[in-house]
Amino acid sequence: MRQTIQQHRVVVIGAGYTGATAAGRLARRLRGEDVSITLVNAEADFVERVRMHQLAVGQPLRPRPFDEMFAGTGVELRLGRVTGIDVDRRTVTVTGADGASDLEYDTLVYALGSAWNTQGVPGTTEHAHEIAGRDGALRLRDRLAALAPGRPVTVVGGGLTGVEAATELAETRPDLDVSLIARAGLGDWLSPKGARHLQKVFSNLRITTHEHTTVLAVHADRVTTPQGDIPAAVTIWTTGFAVHPIARATTLQTGDTGQITVDATMRSVSHPDVYAIGDAALVTGPGDKPLRMSCASGVPTAWQAADAIAARLTDSKLPTISARYFNQCISLGRKEGLIQYVTADDRAVNAALTGRLAALYKELVCKGAAWGVANPTIGLPVRRRRVTAERARVGVPAA
135 MRQTIQQHRV VVIGAGYTGA TAAGRLARRL RGEDVSITLV NAEADFVERV RMHQLAVGQP
195 LRPRPFDEMF AGTGVELRLG RVTGIDVDRR TVTVTGADGA SDLEYDTLVY ALGSAWNTQG
255 VPGTTEHAHE IAGRDGALRL RDRLAALAPG RPVTVVGGGL TGVEAATELA ETRPDLDVSL
315 IARAGLGDWL SPKGARHLQK VFSNLRITTH EHTTVLAVHA DRVTTPQGDI PAAVTIWTTG
375 FAVHPIARAT TLQTGDTGQI TVDATMRSVS HPDVYAIGDA ALVTGPGDKP LRMSCASGVP
435 TAWQAADAIA ARLTDSKLPT ISARYFNQCI SLGRKEGLIQ YVTADDRAVN AALTGRLAAL
495 YKELVCKGAA WGVANPTIGL PVRRRRVTAE RARVGVPAA
């Protein structure tokens with residue numbers, strides 16, 4: 135009698151920048167005979183989340199189907215939404231066109247990411263639009279297309295997403311009355327040079343700014359602030375992100391934000407067969423500060439998790455990838471941009487690139503991010519290693 139060695143089952147849930155990168159990188163690190171890699175996602179093509187403000191104003195985006203992206207890699211795409219996870223039974227419930235079914239795993243990579251955060255403000259869910267995902271961006275696109283000239287559009291949130299949304303809209307639709315509400319000062323996190331350029335672009339695009347203002351409620355035609363009502367035929371809500379709630383419904387250890395607590399290899403501290411990456415992971419970065427939810431933070435965590443899984447399965451040396459920041463890349467429409475250079479822990483330094491060159495830089499970064507998903511080892515040659523018998527899944531004894 136001898137035991138058969140079966141494929142180690144890796145399931146990756148979520149195919150944004152981090153999930154798709156992790157799946158593709160694993161497929162290039164391990165032999166297909168030893169490992170099956172299943173990528174679960176609700177859509178059949180990759181969504182460039184960093185371009186949702188462009189989609190919302192009607193700009194066409196290049197389609198990126200997963201069947202082309204993963205051709206010949208061995209990654210299997212499973213279409214459906216993750217509706218349940220049992221980390222003790224090691225199953226993921228996937229609901230698709232044919233109903234719900236359980237998918238078993240030996241290693242789970244949790245990359246469900248995040249969605250918009252309403253902050254609990256009354257009326258936001260009913261009346262505001264979000265651009266954290268493609269469905270929301272498409273709904274906003276249709277609403278803006280039907281909007282008559284002169285109508286007011288209010289962007290709530292003075293962070294990166296809000297600034298990009300407001301400038302993209304004001305440049306594309308100069309016939310609209312665009313305003314932005316910021317809890318603090320406009321660009322207060324930037325260097326003096328960066329803040330001055332941002333304010334100059336806002337002035338040139340005739341965007342009205344309501345600084346040091348909070349929103350108390352959202353209505354169909356206005357938003358309410360402590361200083362009074364601000365007209366808004368359309369309200370775009372960009373006040374940060376909230377992680378998918380499903381992790382909190384499991385026995386996984388999570389932080390106050392609902393993110394999964396991980397070690398330096400992106401491995402869950404409570405369940406060693408689960409890895410969390412991207413917005414879903416609570417990762418400590420330079421200065422002992424949590425990494426912010428962003429593509430810049432997420433992709434290195436995907437690299438780290440994929441390489442750590444491969445190393446553990448092949449009894450190789452564990453890699454270490456130090457996540458740190460270099461700059462914040464901000465598009466201000468198609469003709470203007472701002473590259474704010476930062477410290478390793480994301481604090482602005484007194485250096486910034488502005489203008490058309492910065493816009494080109496940001497565009498190259500966006501294109502590079504999408505290219506990196508399809509080329510998760512950054513074009514470098516790799517060797518697919520064998521999974522050791524001790525790490526593989528042992529099947530039923532065979533004669």
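Here the sequence shown is numbered in this note's numbering, starting from 135 and rising by one per residue.
Ideal Cβ positions, reconstructed from N, Cα and C, are used throughout, including at glycine.
Residue 141 carries a coil assignment under DSSP once its states are collapsed to helix, strand and coil.
Residue environment analysis places residue 301 among the buried positions, since at least 16 neighbouring C-beta atoms fall within 10 angstroms of its C-beta. Its chain contains 141 and 143 as the residues whose beta carbon lies nearer than 6 Å to that of residue 170, once the 5 sequence neighbours on both sides are disregarded; these appear in chain order. The beta-carbon separation of residue 271 and residue 148, rounded to 18 Å, does not stay under the 8 Å limit for a contact. Here residue 442 is buried, its C-beta having at least 16 other C-beta atoms within 10 Å. In the pairwise beta carbon analysis, the segment 312-328 is classified as touching the segment 281-297: at least three pairs are separated by under 8 Å.
The shortest C-alpha to C-alpha distance from residue 378 to any of 354, 345 and 415 is the one to 415.
If you look at residue 435, you'll find it in the alpha helix (DSSP H) that goes 429-448.
In terms of Cβ geometry, residue 181 and residue 268 form a close pair [threshold 7 Å]. For the pair residue 444 and residue 164, the CB atoms are nearer than the 7 Å cut-off. Collapsing the DSSP output to three states places residue 346 in coil. Counting only runs that start and end inside the segment 338-417, the beta strand (DSSP E) elements of at least 3 residues fall at 342-344, 356-359, 362-365, 368-371, 375-377 and 408-410. An exposed status is given to residue 346, since fewer than 16 other beta-carbon atoms sit within 10 Å of its beta-carbon. Per DSSP, the unbroken alpha helix (DSSP H) holding residue 502 starts and ends at 490-508. Judged by DSSP secondary structure, residue 236 falls within the beta strand (DSSP E) whose first and last residues are 233-238.
Per DSSP, residue 154 lies in no beta strand (DSSP E); the unbroken alpha helix (DSSP H) holding it starts and ends at 151-163. At the C-beta level, residue 295 and residue 372 come within 7 Å of one another. Between residue 253 and residue 281, the alpha-carbon positions lie close to 27 Å from each other.
Distance from residue 480 to residue 242 at the Cβ level is roughly 29 Å; contact not present, criterion being Cβ atoms closer than 8 Å.
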